[in-house]
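Participant: I have a structure here, written as structure tokens, and I will follow up with some questions on it.
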Amino acid sequence: MIKYSDNSIFLASKFKLDKHKRGISYTDALGYSIASENNLKFLTGDKEFKNLNNVEFVK
């Protein structure tokens, strides 16, 4: 089971605000934040995450 906290929600909001020009959805920002907090790779095929740490692209 993957854990998340109130801090995950805060981090997602901050991430979305910091990366607003990339057009990242809040749902993706939350997934990225939760993955980061749990030391997991964030799996995505979204080009908006290009060149970000802790991301693995899948098709």
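Heads up: the sequence shown is residues -18 to 40, going by the numbering used here. Using N, Cα and C, we set each Cβ at its ideal position, and we do this for glycine too.
At which residues does the beta strand (DSSP E) containing Leu21 begin and terminate?
Facilitator: Taking the first residue of the sequence shown as 1, we reach residue 21 at position 40. That residue, Leu21, is in no beta strand (DSSP E); it is neither H nor E in DSSP.
Participant: Output needed for Lys(-16): all residues of its chain with C-beta closer than 7 Å, excluding positions within five of it in sequence on either side, in chain order.
Facilitator: Locating residue -16 in the sequence shown gives position 3, counting from the first residue. Taken in chain order, the residues that qualify are Asn19.
Participant: At which residues does the alpha helix (DSSP H) containing Phe30 begin and terminate?
Facilitator: As a first step, residue 30 must be located in the sequence shown, where it is residue number 49. Where Phe30 is concerned, there is no enclosing alpha helix (DSSP H), given that its DSSP letter is neither H nor E.
Participant: Buried or exposed: Asp9, going by 16 or more other Cβ atoms within 10 Å of its Cβ?
Facilitator: If you number the sequence shown from 1, residue 9 lands on position 28. When all chains shown are included, Asp9 counts as buried.
Participant: Using CA coordinates, which residue listed in Lys0, Ile5, Leu11 and Ser6 is at the minimum distance from Asn(-12)?
Facilitator: Taking the sequence shown and counting its residues from 1, one reaches residue -12 at position 7. Taking only the C-alpha atoms, the option nearest Asn(-12) is Leu11.
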